[in-house]
Amino acid sequence: MTELKEKIARLIEAAGPMSISGYMALCLFDPEHGYYTAREPFGRGGDFITAPEVSQMFGELVAVWLYAAWQACGAPEDAIIAEIGPGRGTLMKDMLRALDRLDRGFAARHVAMIEASPRLAAVQKEMLSGVPAPGAYGRPQWYRRVEDLPEGPLFIVGNELFDALPIHQYVKSAAGWRERVVGVGEDGALAFMAGAGAPDPTLLPPGADAAPESAVFEAAPSREALMETIAGRLAAQGGAGLFIDYGYEGPALGDTLQAVRRHAYDDALAHPGEADLTAHVDFAALARIAGGEGLGAWLMPQGAFLLGLGLLERAGRLGAERSAEEQERIRGEVERLAGPEAMGTLFKVLAVMPRGVAVPPFGGGG
Ligand code: SAH
Numbered sequence: 006m007t008e009l010k011e012k013i014a015r016l017i018e019a020a021g022p023m024s025i026s027g028y029m030a031l032c033l034f035d036p037e038h039g040y041y042t043a044r045e046p047f048g049r050g051g052d053f054i055t056a057p058e059v060s061q062m063f064g065e066l067v068a069v070w071l072y073a074a075w076q077a078c079g080a081p082e083d084a085i086i087a088e089i090g091p092g093r094g095t096l097m098k099d100m101l102r103a104l105d106r107l108d109r110g111f112a113a114r115h116v117a118m119i120e121a122s123p124r125l126a127a128v129q130k131e132m133l134s135g136v137p138a139p140g141a142y143g144r145p146q147w148y149r150r151v152e153d154l155p156e157g158p159l160f161i162v163g164n165e166l167f168d169a170l171p172i173h174q175y176v177k178s179a180a181g182w183r184e185r186v187v188g189v190g191e192d193g194a195l196a197f198m199a200g201a202g203a204p205d206p207t208l209l210p211p212g213a214d215a216a217p218e219s220a221v222f223e224a225a226p227s228r229e230a231l232m233e234t235i236a237g238r239l240a241a242q243g244g245a246g247l248f249i250d251y252g253y254e255g256p257a258l259g260d261t262l263q264a265v266r267r268h269a270y271d272d273a274l275a276h277p278g279e280a281d282l283t284a285h286v287d288f289a290a291l292a293r294i295a296g297g298e299g300l301g302a303w304l305m306p307q308g309a310f311l312l313g314l315g316l317l318e319r320a321g322r323l324g325a326e327r328s329a330e331e332q333e334r335i336r337g338e339v340e341r342l343a344g345p346e347a348m349g350t351l352f353k354v355l356a357v358m359p360r361g362v363a364v365p366p367f368g369g370g371g
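Plus 5 on top of the position in the sequence shown (first one is 1) and you've got the working numbering.
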């Protein structure tokens, strides 16, 4: 049993079953045993590999997009380049290198890293310490929350951030919809149960009444609150956002709570604090929130996004004059990032910008 599992079982004994949201928050951010607070989850030796860890081309192309968005927004002098939920810091490292190459004069911008885990912030500082700032960027600064950022037009990216924010689940029981909770079963093990609380009926998706018993639906108030904060700020102070995640266009019924440990799916209750815990992102909900703040929102699959920005050309340049082996590795990275069987279709890219501003490969309108 993991130490965190014992702690959770004790909490449940003392205070009763906890919401999925409370469980996720403890698993990911318990100060002592949380997955992001205490472990080194990313990369080949870790539990999973994210797009920036697959290839430097991901960060380079995201930088190309961010630069185009900055230009499309009138190239404001006081822009802030930011990443939220930067993990090991690889994406920002690749972006800064690419931005420097794109435009040496793209100087004196503020670079902001928004990270909730102090341990990961330290990893990121180390990662970015060697990145040259040749008269261009001031050293990056770290923040815990979007609200703490300095003022100014914000150009912000987040990869696999929204899927890490705690969700609530509701389950159809014989008595109707109930909050799904984590309790301790008769055998002493953690178990999913139907709790006492019923959801606000206005939250239920279409078809909820007719759903069979044990159907599950998810609500993500903290994810939506974060999107509201970001979109509100973009609407008030200018800028654009780009968010990439595993997700769908909801609303939909279904249990997407997912644990990954050592590159394999795991039981979500088996190794609290030792497995990554995520839920798929309802992009339609995030786009609606951006729209509510007066912004335009565009969505496309990761593969189409990267190919539209020139992934194949970038791969060709990167592979030029390299060995056949290196070229093969680069081809493999392209396939992983953009292939329909890999991350190309399941991962989606949401762009939010002022209405009327269009940045390829997203079309006009919005
Ligand atoms: N973007 C990285 C890491 C993804 S994991 C990559 O693609 O490899 C999720 C990251 O978001 C972790 O760094 C985690 O600590 C951070 N995080 C989770 N919730 C957060 C929040 N509310 N604010 C800022 N960072 C958060």
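Positions of the beta carbon are idealized from the N, C-alpha and C atoms, including for glycine.
Just so you know, these numbers come straight off a predicted model, no measurement behind them.
For a cut-off of 8 Å, the C-beta gap from residue 176 to residue 199 is around 5 Å, short enough to register as a contact. Residue 197 and residue 188 have their C-alpha atoms some 6 Å from each other.
The three-state reading of DSSP puts residue 85 in strand, counting E and B together.
For residue 232, the secondary structure class from DSSP, reduced to helix, strand or coil, is helix. Taking a cut-off of 8 Å for Cβ pairs, the segment 326-340 and the segment 276-284 do not touch, as fewer than three such pairs fall below it.
Taking the Cα of residue 181 as reference, the smallest distance to any Cα among 60, 214, 161, 268 is reached at 214.
In the structure shown, residue 151 adopts helical secondary structure according to DSSP, grouped into three states. Residue range 221-224 is occupied by the beta strand (DSSP E) that includes residue 224.
Taking residue 57 as reference, the option from 9, 201, 92 with the minimal CA-CA separation is 92. Around the C-beta of residue 125, 16 or more other C-beta atoms lie within 10 Å, and the residue is accordingly described as buried. Per the Cβ contact rule, the segment 101-119 is not in contact with the segment 260-267 (fewer than 3 Cβ pairs under 8 Å). Rounded to whole angstroms, the separation of the alpha carbons of residue 355 and residue 288 is 7 Å. Non-local C-beta neighbours of residue 155 in its own chain, meaning closer than 7 Å and more than five positions away in sequence, comprise 85, 115, ordered along the chain. The Cβ atoms of residue 343 and residue 368 do not sit closer than 8 Å to each other. Short of 7 Å from the beta carbon of residue 234, and not among the five residues preceding or following it, lie these beta carbons of its own chain, in chain order: 151, 152.
The segment 26-36 makes contact with the segment 157-177; the number of CB pairs closer than 8 Å reaches 3 or more.
Assigned with DSSP and collapsed to three states, residue 336 falls in helix.
The C-beta of residue 272 has fewer than 16 other C-beta atoms within 10 Å across all chains shown, which makes the residue exposed. Judged by DSSP in its simplified three-state form, residue 54 adopts coil rather than helix or strand.
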